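Numbering (full-length UniProt numbering) for the sequence shown: 1 to 197. Glycine is no exception: its CB is placed at the ideal position from the N, C-alpha and C atoms. Keep in mind the model is a prediction, meaning the values are calculated, not measured.
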Amino acid sequence: MEASQTRDCTVYVSNFPFSLTNNDLHQIFGQYGTVIKVTIVKHRLTRKSKGVAFIVYKTQEEASNCIQQTNQKEMFGRILKSSIAKDNGRTEEFATQKKTYEDKSHCFECGQEGHLSYQCPSNALGSREPPKRGSRKHEKEGSELIGDQDDSLGAAIRYEQQKRSMQEQSTSLSATNVRKKKFKPSSYFSDEEEISD
């Protein structure tokens, strides 16, 4: 899956109730296809929802199906708007950020102790099953994944980043091998310059 294809699998959804959580949106939009990731846009300081989210599907067809089924439809007393997300140039920056939560004693949604976000009481649609953790097996060479993890969004983005970094390295190596000639002005006034080594 190329980076351009992953953009076509991302649905921009707006005008949903602020009370809905990531888990709620995962349950709602999971009926249109395999949801890879749900990101609710939140206010930077208050961490409250802005009623806007990005939902990444596994395939373009699933994303298109979601848009056909939800755009301009009433849900929870509001008219939802959904479309394929437009790329603002920061797609890879957010798609590759995998958050690791060292302290799992607090809920990501409400911040209270004693439960995780999957069982949070603030989930309007109730709790859901946590995603099944796939076993990742690494080949001896290193970074290539075996199994169905290869077609994930993260794998596609990692591939594109590795390809880009290899191109940048080869470009920088070829640029450093070229010695530039230094010019110094002549000791007397003239339009000509001397070349020094």
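When only Cα atoms are considered, THR46 and CYS110 end up about 12 Å apart.
For PHE54, the uninterrupted beta strand (DSSP E) segment begins and ends at 49–57. Minimum Cα-Cα distance from LYS73 among the listed residues ARG164, GLU129, SER14 corresponds to SER14.
Here ASN88 is exposed: its Cβ has fewer than 16 other Cβ atoms, across all protein chains shown, within 10 Å. Distances from the CA of PHE29 to each of LYS58, LYS42, GLU168, TYR159 were compared; the closest alpha carbon is that of LYS58. In the DSSP assignment, SER82 falls within the unbroken beta strand (DSSP E) covering 81–84. Shown here, ARG78 sits in a strand according to DSSP, grouped into three states. Under DSSP, the beta-bridge partners assigned to TYR12 are PHE54, SER83. Here GLY33 has TYR57, LYS58, THR59, GLU61, GLU62, ALA63, ASN65, CYS66 as same chain residues with Cβ atoms under 8 Å from its own Cβ, once five neighbours each way along the sequence are excluded. In the DSSP secondary-structure assignment, ILE40 is bridged to ALA53. Linking ASP24 to VAL35 through their CA atoms gives a straight-line distance of about 12 Å.
In this chain, SER19 is not harboured by any alpha helix (DSSP H), its DSSP state being neither H nor E. Of the residues LEU20, GLU113, LYS37, GLN167, the one whose Cα lies closest to the Cα of ARG78 is LEU20.
Rounded to the nearest angstrom, the gap between the Cα atoms of PHE54 and GLU168 is 30 Å.
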